[in-house]
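>
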Ligand SMILES: Cc1cc2nc3c(=O)[nH]c(=O)nc-3n(C[C@H](O)[C@H](O)[C@H](O)COP(=O)(O)OP(=O)(O)OC[C@H]3O[C@@H](n4cnc5c(N)ncnc54)[C@H](O)[C@@H]3O)c2cc1C
């Protein structure tokens, strides 16, 4: 069964006791991907490798669980002539579809063309997109007349629309894919710990790093000794080399008529995505913005201006929709700071290199290319382990990922697998089981871990103290929370889901 093989306490003990071969700081998609790559390589090479990973909060609670949920080549990067990046991303798209079909699924994208010029311009772009994907393409584009578009999307405003096209990308449950990479690494012996912040590091005797860590689940500070350190802190990197660009999404009652997503190039040249959303498919995710972010990476919230921008942009396509957000979320793009180009145009390329202290730093990149980036990082860290990585062929999620993953997400898997006594509660069995699974198998320690990582319930409706109460109480009973702690956890989720006035 999936889930962490070692408990948090056992993993913490390993971090304390051993001299690790590598400590990975950060449990977003990049840290998780590197942990999995290294543990698979070590297995293939039959060489024991002591791998540790620490995240200062919950895994995937940074950018990786709060993005646009697309595994995509990035149609718009063609405009910047970033062909290499697009080709690599399209190759990764096919690989992820193969190794994690329960979390990555093909998503038809409908793209309306305003005017004949745009039809010709994007026609060439889509041709190039399919050509760059080559034999790894997941579905060929097709053009759609204005009339057919009107039948497909009767609520869409067609003023100025010349025609449209359907092309293919993929949708991912991005928080869960991080967890699955971590489960996999843990099942191969890696020690993975959340709520454990690396606050400083220095190279000590015999080139062993001493990393000061704080156990933020009420434990004491301690030193981890490691021969190598990977800095996968994403937006929390403090080297000054990154440009932090905030991207926000709103969740609104469903706009589209079927399960296609919409990719719309706005009047300002930015791309707007409208993506089917929610366990019941009755919502649309609308994003995103690109705003340079100057405050702390710990507090990232949508502004009233961003809500208005996204409503206007979606309203131009769906003028009769109410577009009243039920939820919203934001995160930071950790981009390589290059020139003075607009935030939207800044490159999504990545940089992986040792810094002056010998710490391997991961900067920039896209979620879609995490596996390729992890491969590169692992080869730099342990060149003697062999260049071959099995992450592109070894499936994630156990022997039957399709069945396991989907069921687990809906909570049913957990009920079947755990067979634990239930507390009486107004929750349905699937919800209760999902909470038990999150707590017992996924190291969820706080209510936001359940609401925004193990599930996306936090992003699927407007929450109030009353509606959160049964979830908080159920989790609190499993974790032995006092009434005060339960109230604090509820307040934390309410704060994170609050929409600007
Ligand atoms: C709005 C938005 C939409 C996007 N949409 C897409 C998309 O659809 N497709 C795509 O391919 N890409 C997308 N991206 C880009 C992609 O999501 C990111 O490039 C990727 O998730 C970055 O992952 P990461 O692991 O580097 O960072 P993160 O996921 O932020 O992980 C960093 C982790 O490090 C931890 N950490 C920080 N400091 C410490 C410390 N001192 N000690 C221990 N741990 C620490 C944090 O808690 C965090 O969990 C999007 C980005 C944004 C902002």
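Numbering (my numbering), first residue to last: 1 to 501.
For glycine and all other residues, C-beta sits at the position ideal for the given N, C-alpha and C.
1. Among 25, 443, 21, which residue has its Cα nearest to the Cα of residue 208?
2. Let me know the secondary structure DSSP gives residue 127 once reduced to three states.
3. With DSSP as the reference, identify every bridge partner of residue 50, one or two as the case may be.
4. What whole-angstrom Cβ distance do residue 397 and residue 180 have, given they're in contact under 8 Å?
5. Just mark residue 504 as buried or exposed, buried being the case when its beta carbon has 16 or more other beta carbons within 10 Å.
6. Beta strand (DSSP E) containing residue 203: first to last residue?
7. Are residue 9 and residue 196 touching if we call contact CB-CB under 7 Å?
8. Within the continuous beta strand (DSSP E) that includes residue 500, where are the two ends?
9. Output needed for residue 71: all residues of its chain with C-beta closer than 6 Å, excluding positions within five of it in sequence on either side, in chain order.
10. What residue range does the alpha helix (DSSP H) around residue 94 cover?
11. As a quick exercise: from 359, 482, 40, pick the residue whose alpha carbon is nearest that of residue 200.
12. Could you compute how far the alpha carbon of residue 374 sits from the alpha carbon of residue 99?
13. For a test of your reading of the model: does the CB of residue 29 fall under 6 Å from any non-hydrogen atom of ligand 1? Yes or no.
14. Since I believe residue 443 is in contact with residue 4 (beta carbons under 8 Å), could you give me their beta-carbon distance rounded to a whole number of angstroms?
15. Given residue 262, which residues of its chain have a CB within under 6 Å of its CB, disregarding the five upstream and five downstream residues?
16. Report back the beta-carbon spacing between residue 193 and residue 11 to the nearest angstrom; my notes put them in contact at under 8 Å.
17. So, are the CB atoms of residue 257 and residue 153 less than 7 Å apart?
18. Judging by CA-CA distance, which residue of 255, 86, 59, 465 is the nearest neighbour of residue 278?
19. Could you check the C-alpha separation between residue 112 and residue 472 for me, to the nearest Å?
20. Tell me whether residue 429, by its Cβ, gets closer than 6 Å to a heavy atom of ligand 1.
21. DSSP three-state label for residue 428, please.
22. Would you mind sorting residue 436 into buried or exposed? The rule is 16 or more other CB atoms within 10 Å of its CB.
23. Look up residue 373 in the DSSP assignment and say whether it is helix, strand or coil.
24. With three or more C-beta pairs closer than 8 Å as the rule, is the segment 25-42 touching the segment 282-301?
25. Classify residue 169 as helix, strand or coil using the three-state DSSP reduction.
26. Where does residue 79 sit, in a helix, a strand or coil, going by DSSP?
27. Helix, strand or coil for residue 269, going by three-state DSSP, please let me know.
28. What's the C-alpha gap between residue 58 and residue 284?
29. Given this structure, state the Cα-to-Cα distance separating residue 462 from residue 446, to the nearest angstrom.
The short version:
1. Among 25, 443, 21, the Cα nearest to that of residue 208 is on 21.
2. Under the three-state reduction of DSSP, residue 127 is assigned to helix.
3. In the DSSP assignment, residue 50 forms no beta bridge with any residue.
4. Right, the Cβ-Cβ distance comes to about 5 Å (below 8 Å), so this counts as a contact.
5. Residue 504 lies beyond the stretch modelled for the chain, which goes from 1 to 501, so this question has no answer here.
6. From DSSP, the beta strand (DSSP E) with residue 203 extends over 196-203.
7. Going by beta carbons, residue 9 and residue 196 fall outside the 7 Å limit.
8. No beta strand (DSSP E) contains residue 500, which DSSP labels as neither H nor E.
9. For residue 71, the CB contacts under 6 Å within the same chain, skipping 5 residues up- and downstream, are 93, 96, 104, 170, 172, 368 in chain order.
10. That run of the alpha helix (DSSP H) goes 83-99.
11. The residue among 359, 482, 40 with its C-alpha nearest the C-alpha of residue 200 is 359.
12. Their backbone Cα atoms lie some 15 Å apart in a straight line.
13. Here the distance from the Cβ of residue 29 to the nearest heavy atom of ligand 1 is below 6 Å.
14. Distance from residue 4 to residue 443 at the Cβ level is roughly 6 Å; contact confirmed, criterion being Cβ atoms closer than 8 Å.
15. Within the same chain, and ignoring the five residues on either side of residue 262 in sequence, the residues whose Cβ sits closer than 6 Å to its Cβ are 110, 274.
16. Contact check for residue 193 and residue 11: beta-carbon distance about 5 Å, within the 8 Å limit, so the pair qualifies.
17. The beta carbons of residue 257 and residue 153 sit closer together than 7 Å.
18. When each option's Cα is compared against that of residue 278, the closest is 255.
19. Those two C-alpha atoms are separated by around 43 Å.
20. For ligand 1, not one heavy atom lies less than 6 Å from the Cβ of residue 429.
21. Residue 428 falls in the coil class under three-state DSSP.
22. When all chains shown are included, residue 436 counts as buried.
23. In the three-state reduction of the DSSP assignment, residue 373 falls in the helix class, which pools H, G and I.
24. Counting Cβ pairs under 8 Å, fewer than three are found: no touch.
25. Three-state DSSP puts residue 169 in a strand.
26. Three-state DSSP puts residue 79 in coil, outside helix and strand.
27. Collapsing the DSSP output to three states places residue 269 in coil.
28. Distance between the alpha carbons of residue 58 and residue 284 is about 26 Å.
29. Between residue 462 and residue 446, the C-alpha separation is close to 19 Å.
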